[in-house]
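Have a look at the structure below, then the notes.
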Amino acid sequence: MKSEQREEWEKAMSSEIETMHNRGVWHLENYQKVKIPLGADGFTLAQKLKFRLNMYELREGREMTPKVFCSVVSNLLYERRFGPYFVCPVVAGLEYGTWEPYICNMDVLGSKDEPNDYVLSGTCDDQAHGMCESLWEPDMGPDELFEKISQALVNAFDRDAIAGWGGIVHIIEKDKVTTKILKTRMD
């Protein structure tokens, strides 16, 4: 049973819906996701990352793993440490071959945080941390994981006056990515 659960590990990343514009959540071919909050810096960083991703694939002849992609993002952010991009990216994906989940988030200087359970980024990450800590359990299935993430997001939104208008939850599995939209208060 343990090996079956390991094979079907899921990781999820949720992102807040902004009232003004989409925050720049984009997919790469191998189910990685990057969340970039500030418009101009986000587009610049996305273009530079796309260029580095393409150069890596041309040079190496293979796709980037989430760990390598996280290192590329971290190095790119650290290069700009004296005039940083105002972004806090989150990278989530499954490592090839082992299909082990990988999650990482970074600050504006590219300092990586690679926990085994969950990462948070956004306007209500302080409020969501307590909820995630209390609801998190290892080896959850996709439906249970979605339910726990939804509870954490909705409760965190209720505690933060800036956040709201719903959320998007991405469940990453070996063979698919399931995206569901949550609707919350609209005040």
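Just so it is clear: in the sequence shown, position 86 is 219 by our numbering, and no numbers are missing. Each residue gets a CB set at the ideal place from its N, CA and C atoms; glycine is no exception. For clarity, every value in this text was computed on a predicted model and none was experimentally measured.
Here V223 is not near C203, since their CB atoms are 7 Å or more apart. Restricted to the stretch 160-238, the alpha helix (DSSP H) segments that are unbroken, complete and at least 4 residues in length are 172-193, 199-212, listed in chain order. Remark: fewer than three beta-carbon pairs, one from each stretch, lie closer than 8 Å, so the stretch 275-291 and the stretch 233-248 are not flagged as touching. Exclusion of the five residues before and after A261 leaves L253, A285, A289 as the residues of its chain whose Cβ lies within less than 6 Å of its Cβ. Around Y189, the same chain offers M197, V201, V205 as residues with beta carbons nearer than 8 Å, after the five sequence neighbours per side are excluded. Bounds of any alpha helix (DSSP H) do not take in G300; it lies within the beta strand (DSSP E) bounded by 300-305.
Taking the Cα of W298 as reference, the smallest distance to any Cα among K281, W269, E270, T256 is reached at T256. Under a 10 Å Cβ-count criterion, S267 is classified as exposed, with fewer than 16 other Cβ atoms of the shown protein chains found around its own Cβ. Contact annotation: I282 and I301 have beta-carbon atoms that are not nearer than 7 Å. Beta-bridge pairing by DSSP links K313 to V302. Distance from D246 to C237 at the Cβ level is roughly 7 Å; contact confirmed, criterion being Cβ atoms closer than 8 Å.
Taking C-beta atoms as the reference points, T312 and V287 fail to come closer than 7 Å. Between D174 and F219, the CB-CB gap stays under 7 Å. D272 sits in coil when the DSSP states are folded into three classes, being neither helix nor strand.
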